[in-house]
Amino acid sequence: MLVKKIELTISSSYSSVALVAQTIVAMVKAENITQACLGDIELCIAEIGNNVVEHAYENRNDLKITFKLLLFREKIVLIISDNGITMLQGALFSEEDWNMLDKNNIATWKESGRGLQLVRGIMDDMFYWTEFKRNYFKMVKNLP
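Last residue of the sequence shown? That's 154 in our numbering, and every number before it is there in order.
Following this line, the structure appears as C-alpha cells:
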C-alpha cells in the first residue's frame, strides 16, 4: 500500500541535489523509518543526483532533474530522471577492484564508478533505462 508520494524537480546543481536529498528525508522522517535507513536514502539520492549533474549534464546548471519517492509499508522506491547523456551500458553493474587501489597513492583511484558501487551495496535493487529520450534511475530499499 502506498503511504506517501513525493515528486520534486530542480535545476541541475550540486547544492540543489543536496537540498532535495535533505528535503525528501525530512518529509519521510515521521514514517517510522530508522535513522540509519534515512541516512542511506539521503546518501543514495545525493550520489545519483550528483552523477546526473556531473555525467549526464556535464556540470551544466540550467537543466532539470526530477526526484520521485514512493513510500510503501514494505519498501521505499526512488526514481531520479533526467534528459542528459545516457549512462554507458554496463556501467551500472561494473565492479571496482578494491585490491588494485593503493590507499596512499591517489593516482591508482578511478575518478568514477565508486558511487554506483556504494549505492548498489545499500539498495536492494537498482534499475536504469531510457525511454522517450529521458533517463531513469530507480532504486528500491526494502524496509524491515
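Ideal Cβ positions, reconstructed from N, Cα and C, are used throughout, including at glycine.
The beta-bridge partner set that DSSP reports for residue 11 is empty. With 16 or more neighbouring CB atoms inside 10 Å of its own CB, residue 133 falls in the buried class. Measuring C-alpha to C-alpha distances from residue 93 to each of 131, 19, 15, 153 identifies 19 as the nearest. When C-alpha distances from residue 43 are compared across 64, 98, 14, 138, the shortest belongs to 14.
Within the same chain, and ignoring the five residues on either side of residue 91 in sequence, the residues whose Cβ sits closer than 7 Å to its Cβ are 76, 144, 145, 146. The C-beta separation of residue 88 from residue 55 comes to about 6 Å, placing the pair in contact by the 8 Å criterion. Judged by their CB atoms, residue 22 and residue 83 are not nearer to each other than the 9 Å cut-off. When C-alpha distances from residue 73 are compared across 27, 127, 140, 136, the shortest belongs to 27.
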